[in-house]
Structure formats: structure tokens, C-alpha cells
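A.B. asks: Structure below; questions to follow.
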Amino acid sequence: MLTRKGKYGLKALVYLAQQPVDRLAFVGDIARINNIPKKFLDAILVELRNAGFVQSRKGKEGGYRLARPAEEIMVGHVVRVLDGPLAPFPCASRTRYQPCDDCDEATCQVRHMMLDVRQAIADVLDKRSLAEMRDCAELEVPLQQQA
Amino acid sequence: MSGRRSIVIVGGGASDVILALHLLQLPLPDLRVTVVEKRPSFGRGLAYSTTLRDHLLNVSAEGMSAYADDPEHFRRWLAKRGLGRPPDTPYYAPRGTYGDYLEELITTLEKEEPARLRLVRGEAASITPTASGVEVLLANGASLVARTAVLAVGHDELPAPSMRFAIRMGSAEDTPLDPSAPVLILGTGLSMVDAWLSLEAGGHRGAIIAVSRRGLLPWPHRPGRPMRLDSADIPLGTELSYFVDWFRDLVHETKQSGGDWRDVVDGLRPFNQRIWQSWPASAKRRFLNHTKAWWDIHRHRMAPDIHARMRDALRTDRLTVLAARILAVREEEGTLAIDIQHRQSRAVETLRVARVYDCTGIAKNLEEGSLAIVRSLIERGLARADPFKLGLDVTRECAVIDSDGAASDKLFAVGPLTRGTFFEIDAVPDIRVQCKALAQRLASEVL
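If you read the sequences in order, they're chains A and B.
Under my numbering, the first residue of the first sequence is numbered 1347, with each subsequent residue one higher.
Under my numbering, the first residue of the second sequence is numbered 91, with each subsequent residue one higher.
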């Protein structure tokens, strides 16, 4: 499920996608404008850098920017890095599977359905780029009504 | 002819036959498929022309059905010829037998459906888009006109220009060899294993040395349980190091719970094209430069029996594998003197051999390749190499992209030529899926 970490990470990335290409954004600005605790944001940006979504420069003039065009960064790809495998329930993941203590995974109809649900989530999130997310925020219309 | 739904497939390997079979499955009575094949027989390409019984398929029988929707098709064909195996037993059939299978399928279909399928022997010299379709000109002067053309030319069959001191095994230059002469093989992958097997079968007694930069040998298959994965589990679109860390962790966990790394590698297989396509160019380049050699030996494995024989040959020095790079090549009194530098020790050594076989595999610069039809398309701006020069630049729908970046609505490509976009598209399990998708798309949108 989308945690606060995933949500903050996406907000930070959308903010970076709104900046002119090549301009570095200060972490303090990203945190303040998006209402994200700065220490938490620092940790999130390090993970996004390790995965290759943002680049950083250290020092007084330092900051962050997107590592590639916003059109090429998919929302689902970012969420997997920050929150792990896309899964509406802990048991509905294959690599990070956590069994429930009160049911059998092979026969649990709920798990079976939730595996379908997560595939649907992945299908939506993997087709949406940061650029689409940024642009629809500006237009204030839901994503699906564009296109 | 151009009034009908007509397609010319310019062949050379197995992919042309597999595409034709999928096209003819479509319920289109006015379809007209013409396959142009430069080799004497259809469907064999380089890989399935071998007559050596030791040259086995590297994929077991159920992976080799020509039909994406009918994985048991090849097994049934084998069973009819008394070559059946019990179910659940992996069977790695001789590659020549697989060539027989594809050839029989396509020639039978030609007899059954003469109005819809035509097989033409000849080499395609050029493809030119016209107002209503394409014109394919053959080297013998004949001209074929169709609505669309699909390039399915298979692998390049000559060494790269920088390696012309090496020859391909089985080519016209591969003249009889003194059985006691030392031989060098460039490459240590599955093609090297094939070449070594051919030399052994021919009674070669001289030293056989195989060299590649890392000296890595392919692993054998082993029965296992491929991990069940969904795309939601797999990190996409990341830098390479992030993906490799995830992969290593997953292998570690799988081993701890009693599994094998093969379970992870095989579980990922349905997603490999998607993973490749999701990566930024920087990750793709790093993968090609640093990780591909390592990935290939885990991913492209060999039949267990052949692997055991190879280990035996290595132990008894009938085969030597070196990690080294080629520094220089000279001809000295009828032998080739090859200076190599060993990877670990950095020591330089000169090998003197009677012959050098090129088994470096298939990734080479297409613009310098020997496929005339491909070079001619590139020279005329009708096609271009992909950014990594692995193949032709094509869309995910297999449309060929021209020098201005525009996708063609008349010219398509399948198989190894599309490696830049699909990455893993050398083996039948991937090619048949690609051919099925293209056949359906051509029928619904293009023809």
C-alpha cells in the first residue's frame, strides 16, 4: 500500500518535475512547499538517488533534480522503490509475502482476489509518468479524464 | 496482388517460418504470405542447419513449439516420430531435428494452402516503399509486390570486420584442418561449446583454446521450480545497480529457503523484455558493458549431459578456457600468431594456431554487418540502428524506424534484428510470442 514515504516521495518528484530542467532544488524548499518533514525527505531522496530517479549535488549550492525527463519516470516504478512490491495486503506479494496467521494462502479467496487487484494497480501506475501527474495537478482534473 | 492482404517475409532463420505459421492461423481467406529464404531449406537458419547429433537445443521441448498458444506442439511432433519422452522429463532435442520440424510445418502448409502461402528461394536485395505498399527486389532480378514486408533475417553470419582473421565454423572458409593442429575459439559461450563439440566429433586431437574477456562458461540446466512473479513484484525503471542488488537479495533468499538461482532467473524470464524496456539508456549501457556476460551464462544454459562432457574435457585439457583479450594478430609462416593479455595476471602471451573460429556471439555492430538487405535499408535512410547498435531501431510494435525517427507502416522486423528494443529475442519461446503479436496486429491494423 502507498505509505507516507511513497506519498512524500511522489510529491517531491512532482515538485522537481515542475522546475526548469537542470535547476537544482534545495531540500529545504522541497520540504517546506510540500509540507514534508525535512529529515524524512532527506532519507527518501537518498533512496530515489540510489535507484536512479534523481541526481544530487552536495555543498552550499547543492540540491536535487530529476535524473531523466519526467516523461520517462513512471509512478509505479517510483512506488516500488519507496514502498516495495505493489501490494494491497502483505499477503498479496510474491517476493515479500507475509502469511496471515488465520488463513491458508492456497485457498484464501481474499488473497486470490487481491493478487488481481494489485495487478490492476500496477497496470495503472506503470502507465503514468511523473509528467502526466504534474500536468493534471496543474489542470486539476483526474488523470483518466485526460487522454 | 497488392489489392489483397499481402505480406513478404524476408527470411533467413527460424523467425520467418514462425511468423508465417502465426499469420496463416488467422481466419483471413484473402491473405497472401510470401516467404523469401536465401538458404536451401526453410526455417533452419544457422542454428538448425547443423547435422551433428550433439548439437542440442538449449531449451527443452515444451519451450520450442512453433506456436505461442500450443506449447505441446513440438512434443507431439516428436512423439509421432518415436522421439517422445515421458511428460515432465526435460528433453533437449538435436537442433537438426528442430530444423526438420520447422521445415516440415512450413512445406506442408504450402501444399495445403497454395493460395495463401508461397515459398521463394532467393536472396532479397532491396525493399522499397511504394505508394500502396512495398516492392521487394530479389538478387536474381525478380520483384515481389506486397502491402507490407517483414524482416526476419535471423543472425548475422560473418565475423565483425575487425575480426576477419577468424572464420565461422561450417562456412566455405572452414576447409579441412590438420587434426593435430592447435585451434583458437573466440568466445566462451554456447556457440563455443557447439564449435568444440564439432571439433571433437570430427576427431580433432590438437589443442582447443577458447578465449573471452572474462572466460565465463555457461551453466547447465537443472530441474527446478521457476519462481512465480508478477510485474508488481519487480523493480522497473531503476538504475542497474539497484536492480542487481534486488536480484542478488532475491537469489539469496531463494537459496535460504531451499531453492536455486535458476528459479529466480527462470521466474524473471517472462518479464525480461519489460525490464529492459523500462531502463534508462544509462542502465542499458552499463548492463551491456559490465553485466551481460555474467547474465548470459546464467540465463543461456546448456543441456546437462553436454555440460558434463565439457567439464570432463576441461579437466583432461582437451579444452582450455582463458580469460584474456586479443592484442594483435599476425600471420607467420602459415600459422596465426595471436598476442593475448591474461585478465588476472596481465601477462602477455603469444598463441600460435592453425585456425581461429569466431564464436563471439551475436551482438555486433549492425551497420558493419554482412546482411546486405539491412545495410541497404540503413544506407537509404529507411532504417537505422538502435542506440546500442544491437539491431535495427524498431517500435515495441515491431515497426521499423527510419533515419528521421518515423515509424514505418509498411516495414516491420522480428527476431534477433529487434534486439535493441526487445533485448531477449534470440530464442524460440520469445520469438513465437513476438510473431503472434505482430501477426495479430498486421491483420487488424495494417493489412
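In this text, a Cβ means the ideal position worked out from N, Cα and C, and glycines have one as well.
Please classify arginine 509 of chain B: is it buried, with 16 or more other beta-carbons within 10 angstroms of its beta-carbon, or exposed?
C.D. replies: Burial call: buried.
A.B. asks: So does valine 1463 of chain A have its beta carbon nearer than 6 Å to some heavy atom of the ligand GTP?
C.D. replies: Because no ligand of any kind appears in the structure shown, any question about the ligand GTP cannot be addressed here.
A.B. asks: Hey, how far is the Cα of arginine 338 of chain B from the Cα of leucine 1461 of chain A?
C.D. replies: Cα to Cα, arginine 338 of chain B sits roughly 24 Å from leucine 1461 of chain A.
A.B. asks: Going along chain A, which residues have a C-beta under 7 Å from serine 368 of chain B?
C.D. replies: Neighbours of serine 368 of chain B on chain A, chain order: His1423.
A.B. asks: Grab me the residues of glutamine 363 of chain B's own chain with a C-beta within less than 8 Å of its C-beta, minus the 5 sequence neighbours each way, in chain order.
C.D. replies: Within the same chain, glutamine 363 of chain B has close Cβ partners Phe512, Phe513, Glu514, Ile515 and Asp520.
A.B. asks: Output yes or no for whether 7 Å exceeds the beta carbon distance between aspartate 264 of chain B and proline 316 of chain B.
C.D. replies: Cβ atoms of aspartate 264 of chain B and proline 316 of chain B: not closer than 7 Å.
A.B. asks: Using a Cβ-Cβ distance cut-off of 7 Å, determine whether alanine 527 of chain B contacts chain A.
C.D. replies: Not an interface residue.
A.B. asks: Can you tell me the Cα-Cα spacing of arginine 254 of chain B and threonine 140 of chain B, whole angstroms?
C.D. replies: If you take the alpha carbons of arginine 254 of chain B and threonine 140 of chain B, they lie about 23 Å apart.
A.B. asks: I need the straight-line Cα distance from serine 92 of chain B to proline 219 of chain B, nearest angstrom please.
C.D. replies: Unreliable placement is indicated for serine 92 of chain B, whose pLDDT of 43 sits below 50; no coordinate value is reported for it.
A.B. asks: Going along the stretch 1461–1481 of chain A in order, which residues come within less than 8 Å of chain B, judged by CB to CB distance?
C.D. replies: Hits within the stretch, in order: Leu1461, Arg1464, Gln1465, Ile1467, Ala1468 and Asp1472.
A.B. asks: Once you ignore the five residues that flank glutamate 1417 of chain A on each side, which residues in its own chain have a CB closer than 6 Å to its CB?
C.D. replies: Within the same chain, glutamate 1417 of chain A has close Cβ partners Ser1475 and Ala1477.
A.B. asks: Under 8 Å between beta-carbons, which chain A residues line up against serine 498 of chain B? List them in chain order, please.
C.D. replies: Those do not exist, as serine 498 of chain B stays about 23 Å from chain A at its closest Cβ, beyond 8 Å.
A.B. asks: Note down the Cα distance separating leucine 1359 of chain A from alanine 1389 of chain A, rounded to an integer number of angstroms.
C.D. replies: Approximately 14 Å, taken between the alpha carbons.
A.B. asks: If you reduce the DSSP assignment to three classes, tell me which class histidine 432 of chain B lands in.
C.D. replies: Histidine 432 of chain B: strand per DSSP, three-state reduction.
A.B. asks: Please list, in chain order, the chain A residues whose beta carbon lies closer than 8 Å to that of proline 325 of chain B.
C.D. replies: Ordered by position in chain A, the residues that pass the 8 Å Cβ test against proline 325 of chain B are Ala1397, His1423, Arg1426 and Val1427.
A.B. asks: So what's leucine 441 of chain B in DSSP terms, helix, strand or just coil?
C.D. replies: Leucine 441 of chain B falls in the strand class under three-state DSSP.
A.B. asks: Buried or exposed: where does tryptophan 384 of chain B fall if 16 or more other Cβ atoms within 10 Å of its Cβ makes it buried?
C.D. replies: With fewer than 16 Cβ atoms within 10 Å of its Cβ, tryptophan 384 of chain B is classed as exposed.
A.B. asks: Residues of chain A with CB under 8 Å from serine 321 of chain B, in chain order?
C.D. replies: Within chain A, the residues near serine 321 of chain B are Gln1465, Ala1468 and Asp1472.
A.B. asks: Does isoleucine 1379 of chain A pass the burial test, meaning 16 or more other C-beta atoms within 10 Å, or should it be called exposed?
C.D. replies: Answer is exposed; the Cβ neighbour count stays below 16.
A.B. asks: Do you know how far the Cα of lysine 500 of chain B is from the Cα of leucine 426 of chain B?
C.D. replies: When rounded, the distance between both Cα atoms is 47 Å.
A.B. asks: Please decide whether methionine 91 of chain B counts as near chain A, where near means a Cβ-Cβ distance under 7 Å.
C.D. replies: With a pLDDT of 44 at methionine 91 of chain B, under the threshold of 50, the modelled position of that residue is not reliable, and no figure is offered here.
A.B. asks: Within the chosen definition, does the stretch 281–291 of chain B reach the stretch 325–341 of chain B through at least 3 CB pairs nearer than 8 Å?
C.D. replies: Touching, no, given that fewer than three Cβ pairs across the two stretches are closer than 8 Å.
A.B. asks: Cβ of threonine 381 of chain B less than 7 Å from any chain A Cβ?
C.D. replies: No - not a single Cβ of chain A is within 7 Å of the one on threonine 381 of chain B.
A.B. asks: Three or more C-beta pairs under 8 Å: does that hold for the stretch 1446–1454 of chain A against the stretch 93–106 of chain B?
C.D. replies: Output reads no: the stretch 93–106 of chain B does not touch the stretch 1446–1454 of chain A.
A.B. asks: From glutamate 213 of chain B to aspartate 395 of chain B, what distance separates their C-alpha atoms?
C.D. replies: Computed Cα separation, rounded: 38 Å.
A.B. asks: Once the 5 residues before and after alanine 1493 of chain A are set aside, which same chain residues still bring their CB inside 7 Å of it?
C.D. replies: Annotation note: pLDDT 43 at alanine 1493 of chain A (below 50); position unreliable, no value reported.
A.B. asks: By Cβ distance below 8 Å, which residues in the same chain neighbour tyrosine 1361 of chain A in space, the five residues on each side in sequence not counted?
C.D. replies: The answer, listed in chain order, is Ala1371, Ile1376, Ile1379 and Asn1380.
A.B. asks: In chain B, what lies closer than 8 Å to serine 1402 of chain A by C-beta?
C.D. replies: By Cβ distance, chain B contributes nothing, its closest Cβ being about 14 Å from serine 1402 of chain A, past 8 Å.
A.B. asks: At a Cβ cut of 7 Å, what residues of the stretch 331–343 of chain B count as close to chain A, listed as they run along the chain?
C.D. replies: Taking 7 Å as the Cβ-Cβ cut-off against chain A, the residues of the stretch 331–343 of chain B that qualify are Tyr332 and Leu340.
A.B. asks: Starting from valine 125 of chain B, follow the alpha helix (DSSP H) in both directions and report where the run begins and ends.
C.D. replies: First-last for valine 125 of chain B: 121–127, but that is the beta strand (DSSP E), not the alpha helix (DSSP H).
A.B. asks: Which same chain residues, not among the five before or five after alanine 575 of chain B, have their C-beta less than 7 Å away from its C-beta?
C.D. replies: The requested residue 575 of chain B is not part of the displayed model; chain B covers only 91 to 537.
A.B. asks: Per the DSSP calculation, threonine 198 of chain B is bridged to which residue(s)?
C.D. replies: Per DSSP, none; premise fails for threonine 198 of chain B.
A.B. asks: For leucine 76 of chain B, which of B/Ser321, B/Gly189, B/Val301 and B/Asn148 has the nearest alpha-carbon?
C.D. replies: As shown, chain B starts at 91 and ends at 537. That puts residue 76 of chain B outside it, with no answer to give.
A.B. asks: At the level of alpha carbons, what is the spacing between leucine 136 of chain B and threonine 410 of chain B?
C.D. replies: Their backbone Cα atoms lie some 25 Å apart in a straight line.
A.B. asks: I need the DSSP call for phenylalanine 502 of chain B, collapsed to helix, strand or coil.
C.D. replies: It is a strand residue.
A.B. asks: Less than 7 Å between the beta carbons of valine 1400 of chain A and proline 1434 of chain A, yes or no?
C.D. replies: No, the Cβ-Cβ distance between valine 1400 of chain A and proline 1434 of chain A is not below 7 Å.
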